[in-house]
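Quick mapping for you: the protein sequence lines, in order, are chains R and A. If you read the first sequence in my numbering, its first letter stands for residue 1, the second for the next number, and so on. If you read the second sequence in my numbering, its first letter stands for residue 1001, the second for the next number, and so on.
Protein chains: 2
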Amino acid sequence: MSVNRKKLIIEAATKSFSLFGYKATTMDQVAKIANVGKGTIYTFYANKEELFKEIVDNMIVEMEQEADDAINPELTFTENLHLTLYRLLEFRREHQLMIKLFQEEQEIRTPAVLEMVEEIENAIISFIAQKIKIAIQKKYIKDCDPELTAFLLLKMYITLIVDWERIRKPLNKEEIAELFDLYLFKGLSL
Amino acid sequence: MSVNRKKLIIEAATKSFSLFGYKATTMDQVAKIANVGKGTIYTFYANKEELFKEIVDNMIVEMEQEADDAINPELTFTENLHLTLYRLLEFRREHQLMIKLFQEEQEIRTPAVLEMVEEIENAIISFIAQKIKIAIQKKYIKDCDPELTAFLLLKMYITLIVDWERIRKPLNKEEIAELFDLYLFKGLSL
DNA sequence: TTGATGACTGGATTTCTCATTCGGTCAGTT
DNA sequence: AACTGACCGAATGAGAAATCCAGTCATCAA
Chain R
1 MSVNRKKLII EAATKSFSLF GYKATTMDQV AKIANVGKGT IYTFYANKEE
51 LFKEIVDNMI VEMEQEADDA INPELTFTEN LHLTLYRLLE FRREHQLMIK
101 LFQEEQEIRT PAVLEMVEEI ENAIISFIAQ KIKIAIQKKY IKDCDPELTA
151 FLLLKMYITL IVDWERIRKP LNKEEIAELF DLYLFKGLSL
Chain A
1001 MSVNRKKLII EAATKSFSLF GYKATTMDQV AKIANVGKGT IYTFYANKEE
1051 LFKEIVDNMI VEMEQEADDA INPELTFTEN LHLTLYRLLE FRREHQLMIK
1101 LFQEEQEIRT PAVLEMVEEI ENAIISFIAQ KIKIAIQKKY IKDCDPELTA
1151 FLLLKMYITL IVDWERIRKP LNKEEIAELF DLYLFKGLSL
C-alpha cells in the first residue's frame, strides 16, 4: 500500500471530533482532512458512530495508561488511589476530546455522545474497581463490593472537586486528599 | 372579608404547579381554579415567580417537619441520620410537586425552576448541616466542616439510592443503612 | 372609594413551511 | 480491486405566521 489510509482517517477523525465535537464533525470533513475519498472511510467503519467509537476507545486506553503512570509503589494504597483518581479527573478536565464530549452531552444531548460518555464512565469505574479488588485481596482495606465502592469513590471525588466548587470555595489537592482520607478511610466515628 | 382569597389562590396554585409544573401552569388557570379574577392574584404576588416561591417554600417547611418527625431519640446519631436522609429522599420521591419540579429541571430547564430546585437543595443541606453541627458539639462524630459534610452525605445518599439503581440492582433500606455506616462512619481502613 | 375583575396588549414561544445539510450508497475511475 | 465523489433522501435548521400567556388597567359592584 502507498499510505496507511486507516491511520490517516483515525488521525483526521480524532482532530475533528476534538475540535468540533461529534455532531459538528461531518464525514466529508474527515475525508477532506485525511485526503481520502468519503467512501474509503466506509470501507473501514460501517458508519459515523463506529468511527467515533474507535476514537473514543483509543482515548480511554490513553487515559488508563496515564492513570497507571500516576501510581507510585513507594506510597500507600490510599495515597495512590487519590493520585489515580486525581489524574483521571485531570485527564477529563484537560483532554480536548473529553471537554467537547461533556459539552455536547450537556448541551445537545446527541444520543451517540451520551452512549460514549457512559462507556467512558464505565471504563473509569472498572479501572478503579480493579484496583480496589487487589487492595481487598492484599488486606489493605475492608472487604466490600469493588464496583459499588469504585462508583462511590468516583462520585465522592467528583463531589469534592467539581460539585462543591460550584457552590462554595474550591478545594486544593492537599485538602481533597485529606478529606478523602477522613471521610472514606478513617470514617467519621470517634 | 367574605372569603380568604389568598388562601384560595395558594391552594389553587399548589394544585396546579403539582399537576402541571411551573411552565404549564398559567395564571388564568390558577385564577379559574381559585374562583378569583386574575388581577386579584397580582394584589398578593408581584409575579408568577413569587407565587411559585411561596408554594415551594411551604413545601420546604412541610419537608423539614417530616424529616424531624423521623427522628427517634432512642436511636443512635448514625441511625437517626440515616432515617432523616431516607425520609428526605422519600419526600422527594413521593411528593407530587417535587416530582414535577425535578422533571421540569431535567427536561425543560425553566430558569425559575432551576432556581427553586437549588433553593430546595440548599434547604436540605442546611437542615442536615444543623444536625451535624450538634453531633460534633456532643462529640458523636469527629470535628469536620458541617456544610461540606452535609453536602457529601446527601450526595453519597443519592448515589447509593438513585444513581446506583440506574446502572445496577437497587439496594433496600437495610443495605443502604449498612453501607452508609461502613463507608462514612467506620471507614474502609482496617 | 376601594377591592375585585377580565378584556386587552405585546413579547415570547410554538407551529408550519420551505431550504439546506450531511450520512450513507454506488456507478464509475484508476 | 481499491478508491472516489456525485447523488439521494431523511433529518435538521431558518424564517414566517399563528398562538399563547404574564402582566396591566379601565371598569364595575358593593
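No residue lacks a Cβ here, since even glycine has one placed at the ideal position from N, Cα and C. Note that the structure is predicted; figures quoted are calculated from it, not measured.
- Query: When DSSP labels each residue in this structure, what does I1141 of chain A get in the three-state scheme?
  - Reply: strand
- Item | One or two residues paired with S189 of chain R in a DSSP bridge | A:I1141
- Task: Report the three-state DSSP secondary structure of A70 of chain R (helix, strand or coil).
- Result: helix
- Could you spell out where the alpha helix (DSSP H) holding Y42 of chain R opens and where it closes? K38 to F44
- Query: Any idea what DSSP makes of P111 of chain R, helix, strand or coil?
  - Reply: helix
- Query: Do you know how far the Cα of I1136 of chain A is from the Cα of C1144 of chain A?
  - Reply: 8 Å
- Query: What's the C-alpha gap between M1 of chain R and Y42 of chain R?
  - Reply: Because M1 of chain R carries a pLDDT of 45, less than 50, the predicted location of this residue cannot be relied on, and no value is offered for it.
- Task: Measure from the alpha carbon of L1085 of chain A to the alpha carbon of each residue in A:L1154, A:T1159 and A:K1173, then state which is nearest.
- Result: A:L1154
- Message: Just to check my reading of the structure: A70 of chain R and L83 of chain R have Cβ atoms closer than 8 Å, yes? What is that Cβ distance to the nearest angstrom?
- Response: 5 Å
- Task: Compare the C-alpha of F1020 of chain A against each of A:K1139, A:I1120, A:I1134 and A:L1101 and name the closest.
- Result: A:L1101
- Query: Among the residues of its own chain, which have a CB less than 7 Å from the CB of R5 of chain R, if the five just before and after it don't count?
  - Reply: V36 and T40
- A150 of chain R and A129 of chain R: beta carbons closer than 9 Å? yes
- Reference E1049 of chain A, options A:K1032, A:L1114 and A:F1077, closest by Cα: A:L1114
- Query: Count the other CB atoms within 10 Å of the CB of L81 of chain R; is the residue buried (16 or more) or exposed (fewer)?
  - Reply: buried
- Query: Comparing the C-beta of M116 of chain R with each C-beta of chain A, is any distance below 9 Å?
  - Reply: no
- Item | Three CB pairs or more closer than 8 Å across the segment 104-114 of chain R and the segment 170-190 of chain R | no
- Find the residues of chain A that neighbour I141 of chain R, judging by a C-beta separation of less than 8 Å, and give them in chain order. L1188, S1189 and L1190
- Message: Could you compute how far the alpha carbon of V1003 of chain A sits from the alpha carbon of I1009 of chain A?
- Response: 11 Å
- Could you tell me which of R:I141, R:Q103 and R:E11 sits nearest to K23 of chain R, measuring between CA atoms? R:Q103
- Message: Residues in the same chain with beta-carbon distance under 7 Å from F127 of chain R, minus the five sequence neighbours each way, listed in chain order, please.
- Response: E64 and A67
- Message: Just checking: is the beta-carbon of R1168 of chain A within a distance shorter than 9 Å of some beta-carbon in chain R?
- Response: yes
- Item | Which of helix, strand or coil DSSP assigns to R1168 of chain A | coil
- Taking buried to mean at least 16 other C-beta atoms within 10 Å of its own C-beta, is I167 of chain R buried or exposed? exposed
- Which runs of the alpha helix (DSSP H), 4 residues or longer, sit entirely within the segment 1004-1033 of chain A? 1005-1020
- Item | F77 of chain R versus L152 of chain R - alpha carbon distance | 17 Å
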